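Numbering (our numbering) for the sequence shown: 235 to 347. Here is the structure we will look at.
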Amino acid sequence: MHEPAGQDEYGSASPFDPDDLTTLNVMGPGVASNDFEKYAVAVIIVFGALIIGGLMAANLALGHRNGFLYALGGATAAWISGNALLLDRPRIYAWFVGIAAVMLIASTITLVI
(Lines of atoms letter the chains of each structure in order from A and count residues from 1; the text may use other names and numbers.)
(Lines give C-alpha, C1' and ligand atoms only; values in the text may rest on other atoms or scores of the structure.)
Protein backbone atom coordinates (compact mmCIF):
# COMPACT_ATOMS: atom_id res chain seq x y z
CA MET A 1 0.00 0.00 0.00
CA HIS A 2 1.38 3.40 -0.97
CA GLU A 3 1.64 6.12 1.62
CA PRO A 4 0.56 9.71 0.96
CA ALA A 5 2.79 11.55 -1.47
CA GLY A 6 6.14 12.51 -0.01
CA GLN A 7 5.91 10.37 3.17
CA ASP A 8 6.93 6.86 4.13
CA GLU A 9 5.18 4.62 6.67
CA TYR A 10 6.85 6.53 9.52
CA GLY A 11 5.69 9.94 8.30
CA SER A 12 9.14 10.99 7.07
CA ALA A 13 9.36 12.97 3.88
CA SER A 14 11.21 11.21 1.09
CA PRO A 15 12.24 12.80 -2.21
CA PHE A 16 12.17 9.39 -3.94
CA ASP A 17 9.20 7.52 -5.32
CA PRO A 18 9.35 3.86 -4.14
CA ASP A 19 8.51 2.76 -7.67
CA ASP A 20 11.62 4.52 -9.03
CA LEU A 21 14.22 2.50 -7.09
CA THR A 22 15.76 1.28 -10.35
CA THR A 23 16.72 4.83 -11.31
CA LEU A 24 17.72 5.94 -7.81
CA ASN A 25 21.48 5.81 -8.45
CA VAL A 26 21.39 7.26 -11.95
CA MET A 27 23.14 10.60 -12.12
CA GLY A 28 21.40 13.28 -14.13
CA PRO A 29 22.99 16.38 -15.62
CA GLY A 30 22.02 18.61 -12.71
CA VAL A 31 22.68 16.14 -9.91
CA ALA A 32 25.93 16.61 -7.98
CA SER A 33 27.27 19.23 -10.34
CA ASN A 34 29.20 20.78 -7.44
CA ASP A 35 31.32 17.72 -6.63
CA PHE A 36 34.43 19.27 -8.15
CA GLU A 37 33.82 22.45 -6.18
CA LYS A 38 33.55 20.46 -2.95
CA TYR A 39 36.83 18.68 -3.65
CA ALA A 40 38.48 21.96 -4.62
CA VAL A 41 37.39 23.56 -1.35
CA ALA A 42 38.65 20.54 0.58
CA VAL A 43 42.05 20.74 -1.14
CA ILE A 44 42.26 24.47 -0.48
CA ILE A 45 41.42 23.96 3.19
CA VAL A 46 43.87 21.09 3.71
CA PHE A 47 46.78 22.72 1.94
CA GLY A 48 46.00 26.09 3.51
CA ALA A 49 46.10 24.48 6.94
CA LEU A 50 49.38 22.73 6.09
CA ILE A 51 50.96 25.96 4.89
CA ILE A 52 49.81 27.98 7.88
CA GLY A 53 50.75 25.18 10.29
CA GLY A 54 54.15 24.83 8.63
CA LEU A 55 54.71 28.56 8.85
CA MET A 56 53.83 28.48 12.54
CA ALA A 57 56.12 25.48 13.15
CA ALA A 58 59.02 27.06 11.26
CA ASN A 59 58.72 30.26 13.26
CA LEU A 60 58.60 28.30 16.51
CA ALA A 61 61.58 26.15 15.54
CA LEU A 62 63.69 29.17 14.68
CA GLY A 63 62.56 31.14 17.73
CA HIS A 64 60.71 33.90 15.89
CA ARG A 65 57.93 34.74 18.30
CA ASN A 66 56.51 37.60 16.24
CA GLY A 67 56.37 35.47 13.10
CA PHE A 68 54.53 32.76 15.02
CA LEU A 69 52.01 35.28 16.32
CA TYR A 70 51.48 36.70 12.82
CA ALA A 71 50.87 33.17 11.49
CA LEU A 72 48.49 32.46 14.37
CA GLY A 73 46.62 35.69 13.64
CA GLY A 74 46.47 34.78 9.95
CA ALA A 75 45.10 31.34 10.79
CA THR A 76 42.48 32.90 13.05
CA ALA A 77 41.48 35.41 10.38
CA ALA A 78 41.23 32.60 7.83
CA TRP A 79 39.04 30.62 10.23
CA ILE A 80 36.75 33.62 10.77
CA SER A 81 36.54 34.15 7.01
CA GLY A 82 35.40 30.54 6.59
CA ASN A 83 32.60 31.16 9.06
CA ALA A 84 31.67 34.37 7.26
CA LEU A 85 31.46 32.41 4.01
CA LEU A 86 29.16 29.86 5.65
CA LEU A 87 26.95 32.68 6.91
CA ASP A 88 26.85 34.23 3.41
CA ARG A 89 28.65 37.45 4.32
CA PRO A 90 30.88 38.11 1.28
CA ARG A 91 32.24 41.49 2.42
CA ILE A 92 33.26 40.18 5.82
CA TYR A 93 34.77 37.16 4.06
CA ALA A 94 36.80 39.38 1.74
CA TRP A 95 38.05 41.54 4.61
CA PHE A 96 39.20 38.60 6.69
CA VAL A 97 40.86 36.90 3.73
CA GLY A 98 42.76 40.15 3.15
CA ILE A 99 43.71 40.37 6.82
CA ALA A 100 44.87 36.75 6.79
CA ALA A 101 46.95 37.33 3.65
CA VAL A 102 48.64 40.41 5.13
CA MET A 103 49.40 38.64 8.40
CA LEU A 104 50.79 35.56 6.66
CA ILE A 105 52.98 37.72 4.41
CA ALA A 106 54.23 39.50 7.55
CA SER A 107 54.96 36.13 9.15
CA THR A 108 56.91 35.02 6.07
CA ILE A 109 58.90 38.26 6.05
CA THR A 110 59.65 37.84 9.76
CA LEU A 111 60.82 34.29 9.10
CA VAL A 112 63.08 35.24 6.20
CA ILE A 113 64.65 38.36 7.70
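For glycine and all other residues, C-beta sits at the position ideal for the given N, C-alpha and C. Values in this document were obtained by computation on a predicted structure and should not be read as measured data.
Practice task
Please state whether DSSP places Gly-297 in a helix, a strand or coil.
Solution key: As a position in the sequence shown, residue 297 is number 63, starting the count at 1. Three-state DSSP puts Gly-297 in coil, outside helix and strand.
Problem - Arg-325, DSSP secondary structure in three states - result: Translated into positions along the sequence shown, residue 325 becomes position 91. Correct three-state label for Arg-325: helix.
Problem - Beta-carbon proximity list for Ala-334, same chain, < 7 Å, skipping 5 on both sides - result: Taking the first residue of the sequence shown as 1, we reach residue 334 at position 100. Result list for Ala-334: Gly-308, Ala-311, Ala-312 and Ser-315, in chain order.
Practice task
Look at the Cβ atom of Ile-286, then the Cβ atom of Leu-338, and state whether they are nearer than 8 Å.
Solution key: As a working note, residue 286 is residue 52 in the sequence shown. As a working note, residue 338 is residue 104 in the sequence shown. The answer is yes: Cβ separation under 8 Å.
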